[in-house]
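Report on the structure given below.
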Amino acid sequence: MPLLKDIYEKLLERGHKLTPQRWAILNIFLQNKGRHLSADEVYTHLKALYPNNGIATVYRTIDLLVDLGVLKKLEFGDGRARFEIYDPDEPHHHHHLICTRCGSVTEFQDDLMESLEVAIQKKTGFQIQDHIVTFYGLCRSCQAELHQARG
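Take the sequence shown: its letters are residues 5 to 155, numbered as in my numbering.
Here it is, written out as structure tokens:
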């Protein structure tokens, strides 16, 4: 995870300040590491601390943090962008399981994907910089609910 000092320095380099609102939004992501938050979810958290701030503050701050490489924007095909803390030093990519019924997002890691990436690079000579793997299906809870409903 990027250090707060690094984030602060990135802001200063670009002529931005670490305002209390920006700090609060960044802290929301840090406290929810592993979750994929939408701007609306961040706004809900922020309102508890800064009731007078609008959602535009959240969007501007998220855009800035994505631009600085602090947050990573994720699209899961439902029209709602989600964001997570981006750590370029993370040794393994994580991938996503999306429940098509309830919309839950689960992260998973698998070294098989890493070995596939190496094999593709060797075979094609293509230098892979990043990849995204997302599987869609039913989470355990939704499977259980459907099983119960069927009787």
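Backbone N, C-alpha and C define an ideal beta-carbon position, used for all residues, glycine too.
Those runs of the alpha helix (DSSP H) which lie wholly inside the stretch 53-105 and span at least 4 residues: 59-71
Mind checking which residues open and close the alpha helix (DSSP H) that includes VAL122? Looking up residue 122 in the sequence shown gives position 118. Looking at the DSSP string, the run of the alpha helix (DSSP H) that includes VAL122 is 115-128.
Tell me whether the beta-carbon of ILE32 lies closer than 9 Å to the beta-carbon of LEU22. Counting from one through the sequence shown, the residue named residue 32 turns up at place 28. Counting from one through the sequence shown, the residue named residue 22 turns up at place 18. Cβ atoms of ILE32 and LEU22: not closer than 9 Å.
In chain order, what residues of the same chain lie with their CB nearer than 8 Å to the CB of VAL74, ignoring the 5 residues before and after it? As a working note, residue 74 is residue 70 in the sequence shown. The answer, listed in chain order, is PRO6, ILE11, LYS14, LEU30, ILE89 and TYR90.
Contact between the stretch 76-87 and the stretch 37-53: three or more CB pairs below 8 Å? yes
Please report the residue range of the beta strand (DSSP E) in which GLY141 lies. Looking up residue 141 in the sequence shown gives position 137. Here the beta strand (DSSP E) through GLY141 covers 138-141.
Here's the rule: buried if 16 or more other CB atoms are within 10 angstroms of the residue's CB, otherwise exposed. What is VAL46? Stepping through the sequence shown from its first residue, residue 46 is reached at position 42. Under this definition VAL46 is a buried residue.
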